[in-house]
Every structure is written in structure tokens, then in C-alpha cells.
Amino acid sequence: MVLWLVLLLGALVFLPAAQAQSNTCPGLVERAMSEIGTNCASLGRNSACYGFNNVLADFDTDVPDNYFSVPSDRAELSSLRSIQTAPLNETAGTWGIATLNVQANLPGALPGQSVVFILLGNSELENAVPADEALILPEEPLEVTALRAIALRRDPSSRAEVVGTIAGGTPLLADGTSPDGNWLRVFFVADRLASAWVNTGDVQADSIDDLPVIRPDSRTPMQAFRFQTNVGGVDCSQAPSALFVQGPEDIEVDISANGVDIRIGSSIILRTLEDGSLQIFVISGGATLNPNSDNPLLIAPGFTTICPVDAILNGNCDWEAIRMFNADEEIFLNLIQPLFQYAANLLHYAPAIPEVVCASGVGGVECELRFPNAGTALDRAAELCATAALPASVCGSLFPGGD
Numbered sequence: 032m033v034l035w036l037v038l039l040l041g042a043l044v045f046l047p048a049a050q051a052q053s054n055t056c057p058g059l060v061e062r063a064m065s066e067i068g069t070n071c072a073s074l075g076r077n078s079a080c081y082g083f084n085n086v087l088a089d090f091d092t093d094v095p096d097n098y099f100s101v102p103s104d105r106a107e108l109s110s111l112r113s114i115q116t117a118p119l120n121e122t123a124g125t126w127g128i129a130t131l132n133v134q135a136n137l138p139g140a141l142p143g144q145s146v147v148f149i150l151l152g153n154s155e156l157e158n159a160v161p162a163d164e165a166l167i168l169p170e171e172p173l174e175v176t177a178l179r180a181i182a183l184r185r186d187p188s189s190r191a192e193v194v195g196t197i198a199g200g201t202p203l204l205a206d207g208t209s210p211d212g213n214w215l216r217v218f219f220v221a222d223r224l225a226s227a228w229v230n231t232g233d234v235q236a237d238s239i240d241d242l243p244v245i246r247p248d249s250r251t252p253m254q255a256f257r258f259q260t261n262v263g264g265v266d267c268s269q270a271p272s273a274l275f276v277q278g279p280e281d282i283e284v285d286i287s288a289n290g291v292d293i294r295i296g297s298s299i300i301l302r303t304l305e306d307g308s309l310q311i312f313v314i315s316g317g318a319t320l321n322p323n324s325d326n327p328l329l330i331a332p333g334f335t336t337i338c339p340v341d342a343i344l345n346g347n348c349d350w351e352a353i354r355m356f357n358a359d360e361e362i363f364l365n366l367i368q369p370l371f372q373y374a375a376n377l378l379h380y381a382p383a384i385p386e387v388v389c390a391s392g393v394g395g396v397e398c399e400l401r402f403p404n405a406g407t408a409l410d411r412a413a414e415l416c417a418t419a420a421l422p423a424s425v426c427g428s429l430f431p432g433g434d
């Protein structure tokens with residue numbers, strides 16, 4: 032009996048201690064990251080998931096009091112107005128994470144593909160696409176058949192760039208029409224884009240009347256958004272607040288963050304600074320800033336830049352000079368790295384944070400980047416360096432020695 036009491040008392044002492052340890056800052060962060068993969072598994076397109084406590088959400092429609100209130104709950108993006116993840120609270124054992132699968136400008140026929148958003152920590156995300164203006168693509172695309180050999184074009188115009196050709200009799204999947212009804216958007220992968228346009232007179236289709244109209248400024252739910260990180264409350268240095276965004280591998284997608292147009296392909300991390308400026312980190316693939324302007328800015332993996340809060344106009348930004356991650360930023364980004372392993376089932380692939388390695392040289396300190404999975408991370412950069420689309424100094428950092 033005495034031995035049994037000793038063991039029982041020992042267990043009572045041990046359990047709170049173990050629980051307390053898991054509620055410390057690093058323990059909570061690890062626990063939250065480790066559970067989101069299970070809580071949000073098999074999330075559908077155009078949906079949000081409550082990943083780990085606490086997450087608050089506002090909706091454009093009336094919802095029950097307990098709607099989207101516990102981990103693993105799901106919600107449709109079409110009615111989501113905003114979502115906020117909580118700062119770390121050791122007493123309550125909370126550090127909010129939410130994940131969203133966003134359609135963006137991906138065609139409806141691209142099977143199971145979406146843009147993955149993971150909102151971490153002390154952050155807030157607001158849908159900037161009004162519910163009554165959002166482009167809602169059909170769940171089942173319309174199958175059409177080419178009547179003859181035809182050209183597929185980048186935009187709905189006979190003067191637009193040809194991105195490919197197909198033979199007569201080729202089936203295509205269409206998910207929308209141009210405003211004049213003369214063109215269909217179809218699923219077609221070329222030059223890292225997943226859609227193209229065909230003239231309606233060149234295809235056989237039962238009916239296109241039920242397809243939505245796709246305009247140049249059309250946006251699907253949450254394709255344009257406003258967000259903040261470190262929005263209030265207390266966080267520890269080991270609890271990062273950020274928005275991770277990943278598109279399908281080798282496919283470019285367009286988003287708008289805080290009024291700034293960004294084309295990604297494919298993994299980036301966004302955060303806002305104390306003055307409201309927007310910072311982008313490219314982890315793998317690449318990004319194009321101001322993609323619809325006369326002077327788009329290409330940014331390679333391992334590099335970052337900042338958009339000052341007062342430098343945004345018509346979707347474009349006067350970005351600061353692009354540079355490599357610095358030491359403090361490396362520490363911040365490496366805090367997020369475990370998420371890519373724990374939540375690998377939510378991602379298109381698991382990226383890895385590049386390592387900046389610096390050494391003293393003849394002309395001063397020289398730095399280069401090292402990539403744990405160089406193939407996935409650098410494929411796009413290799414193409415751009417081969418055509419001199421990226422500065423030689425950037426290519427030298429990515430491929431030291433001309434590798």
C-alpha cells in the first residue's frame with residue numbers, strides 16, 4: 032500500500048510538470064506545428080481549417096455560435112471575412128495556427144491543386160475580395176473538343192501570345208468565358224502557367240452559358256488579402272508570426288498582399304514590420320514583384336526585400352533593394368522550418384530554408400547560399416540565370432563557381 036501511494040504521488044507530480052513543459056514557448060510552438068497536419072488533413076479547395084488554439088474568424092453570413100471554434104473545424108472561404116491566430120499564451124496553452132487552401136488564379140480543372148496559406152502565431156488575415164464580386168469557378172469544368180488544329184493563347188485575344196497548339200479532336204476542360212463570350216479559358220500547362228484561352232468558334236461545346244465570366248481583374252476568395260503579423264499581445268522570440276504561402280510546384284500563381292501584386296512559384300514567407308511595411312522572403316522557386324507593370328522585379332530563393340507602407344500604387348510597390356537573408360532573419364525563418372516536416376501532408380512539397388554562409392575574402396566578406404534541396408529550390412533560378420534575367424551577382428550567390 033505504501034509503495035502504491037508513493038507511485039501515485041509521483042505520477043501526480045510528474046504529469047503537471049510534463050504538461051507545464053509542453054506549455055513553455057518552444058514546447059507550445061512544436062506541439063501546435065505537430066498537430067496541424069492531423070487537424071487539417073485532406074482540406075478541400077477554397078476552404079479554411081482551424082489548426083491549433085486559438086483561432087478567431089468572422090464571416091459574411093450568419094453562422095452558429097460554435098462554428099469554426101475548435102481544432103480541425105473547416106469553413107468555406109466564400110463566406111470568410113477575416114481570420115486571426117492568437118499570440119502565444121503559456122498559461123492557456125495556446126498559439127494559433129490556421130491553414131487555407133486558396134484557388135487564386137488556378138484553373139478549376141487542375142486536379143486537387145490550390146495555393147496553401149498557413150497563418151502562424153500573432154497574425155490576422157482579411158479577405159480583400161468582396162463576397163459579391165468573388166469569382167467562383169465550377170466544381171466540374173466543361174469538357175470541349177477542338178474542331179481543328181488550333182492555337183492556345185495567353186489572353187482572350189487573337190493578338191495575344193500563342194502558348195501552344197493542339198490537334199483537332201483534342202479534349203479540353205473549360206472553366207470560364209471572356210466578358211464578350213468569344214473565348215474560353217481552358218486547362219493547359221505551358222511556361223509555368225496552368226491555363227490558356229481558345230476561341231469558342233474553334234471548339235465543340237454543349238453549352239457555355241453556365242460558365243462564369245473571367246475578367247482581367249477577377250479574383251477568387253482570398254486571392255487578394257490584407258494581413259498583419261505581430262498584431263498585439265505577447266510573444267516569445269521562439270514563436271514566429273508569419274504567413275507562409277506555397278503554390279503548386281512549377282506553376283506560377285498571382286496573389287495580392289496588402290495591395291501589392293505578387294506572382295509566386297512557389298514558396299514564400301510574408302510578414303509585416305512594426306511600421307506596417309511588407310517583407311517577403313523567397314524560400315524556393317522564385318517570385319515576381321509588380322508582375323503586371325512595365326518593370327517587374329524578379330526575386331530568387333534566399334533573397335528578401337521590403338515594400339514600405341507608403342510606397343504602394345495601383346498594385347505596384349517601390350520595393351527596396353533585394354538582398355540575401357541576414358543573420359536575424361535566418362533565425363526567424365528557421366523557427367518556421369519544423370512546420371514543413373510536421374505539416375508535409377498539407378503542402379505540395381516540403382521546402383527547406385536556405386543557409387547563408389559568409390567568409391572573409393580578398394575584397395571583404397563574401398556570402399553564398401546553400402540549399403538542402405537544391406533541385407526543387409533552384410530549378411526556376413537556373414532558368415533565369417541562363418537567360419541573364421537575374422543579376423550576375425545573384426546568380427553567383429546561388430551557383431558559386433558556376434555550378
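My numbering applies: residue 32 is where the sequence shown begins, and numbers increase by one. A virtual CB, placed ideally from N, CA and C, is assigned to each residue, including glycine. All of these numbers come straight from a predicted model, not from anything done at the bench.
Would you tell me roughly how many angstroms separate the C-alpha atoms of residue i and residue j, rounded to the nearest one?
i	j	result
residue 296	residue 281	6 Å
residue 84	residue 274	17 Å
residue 425	residue 170	42 Å
residue 165	residue 431	45 Å
residue 178	residue 200	6 Å
residue 44	residue 101	Summary for residue 44: the model assigns pLDDT 42, below 50, so the residue's position carries little reliability; its value from the coordinates is reported in the next sentence. In a straight line, the C-alpha of residue 44 is about 29 Å away from that of residue 101.
residue 181	residue 228	11 Å
residue 272	residue 330	22 Å
residue 435	residue 310	Since the first residue shown for the chain is 32 and the last is 434, residue 435 is missing from the structure and cannot be characterised.
residue 359	residue 56	19 Å
residue 141	residue 226	9 Å
residue 36	residue 122	Because residue 36 sits at a pLDDT of 39, beneath the cut-off of 50, its placement in the model cannot be relied upon, and the point is left open.
residue 341	residue 421	27 Å
residue 66	residue 381	16 Å
residue 88	residue 196	45 Å
residue 249	residue 187	14 Å
residue 315	residue 298	5 Å
residue 332	residue 79	27 Å
residue 345	residue 251	19 Å
residue 190	residue 390	52 Å
residue 247	residue 285	12 Å
residue 461	residue 232	As shown, the chain starts at 32 and ends at 434. That puts residue 461 outside it, with no answer to give.
residue 283	residue 428	24 Å
residue 117	residue 152	6 Å
residue 47	residue 416	Residue confidence is low: residue 47 scores 46 on pLDDT, short of 50, so the model does not pin down where it sits. Its coordinate-derived value is still stated next. Looking at the two C-alpha atoms, the distance is approximately 56 Å.
Give a yes or no on whether the C-beta atoms belonging to residue i and residue j are separated by under 7 Å.
i	j	result
residue 134	residue 223	no
residue 203	residue 175	yes
residue 388	residue 399	yes
residue 277	residue 147	yes
residue 404	residue 419	no
residue 292	residue 322	yes
residue 82	residue 130	yes
residue 63	residue 128	yes
residue 363	residue 385	no
residue 207	residue 245	yes
residue 157	residue 115	no
residue 110	residue 125	no
residue 270	residue 378	no
residue 351	residue 336	yes
residue 103	residue 70	yes
residue 144	residue 279	yes
Sort out for me which residues DSSP pairs residue i with in a bridge.
i	result
residue 189	Paired residue(s): none; residue 189 is not in a bridge.
residue 89	113
residue 216	207 and 228
residue 382	Residue 382 pairs with nothing; no bridge assigned.
residue 411	None; residue 411 has no bridge partner.
residue 99	Residue 99 pairs with nothing; no bridge assigned.
residue 389	398
residue 138	According to DSSP, residue 138 bridges with nothing at all.
residue 182	196
residue 309	303 and 338
Where do the ends of the alpha helix (DSSP H) carrying residue i lie?
i	result
residue 363	358 to 373
residue 70	56 to 70
residue 425	423 to 429
Grab the span of the beta strand (DSSP E) containing residue i for me, first residue to last.
i	result
residue 82	78 to 83
residue 395	395 to 401
residue 236	Taken as a continuous stretch (DSSP letters only), residue 236 belongs to no beta strand (DSSP E), as it is neither H nor E.
residue 168	Counting along the chain, residue 168 falls outside any beta strand (DSSP E), and DSSP gives it neither H nor E.
residue 132	128 to 133
residue 105	105 to 107
residue 156	154 to 158
residue 298	298 to 303
residue 151	146 to 151
Does the CB of residue i have a neighbour CB from chain C at under 7 Å?
i	result
residue 104	Considering every chain present, this structure includes no chain C. It has just one protein chain.
CB of residue i to nearest heavy atom of the ligand NAP: below 6 Å?
i	result
residue 334	Within the structure as shown, the ligand NAP is missing, as the structure has no ligands at all.
Runs of beta strand (DSSP E) wholly within the stretch 243 to 296 (minimum 3 residues, chain order): 255 to 260, 273 to 277, 284 to 288 and 291 to 295
Return the chain-ordered ranges of every alpha helix (DSSP H) run that is complete within the stretch 311 to 353 and spans a minimum of 4 residues. Scanning the stretch 311 to 353 from its first residue to its last, no whole alpha helix (DSSP H) run of 4-plus residues comes out.
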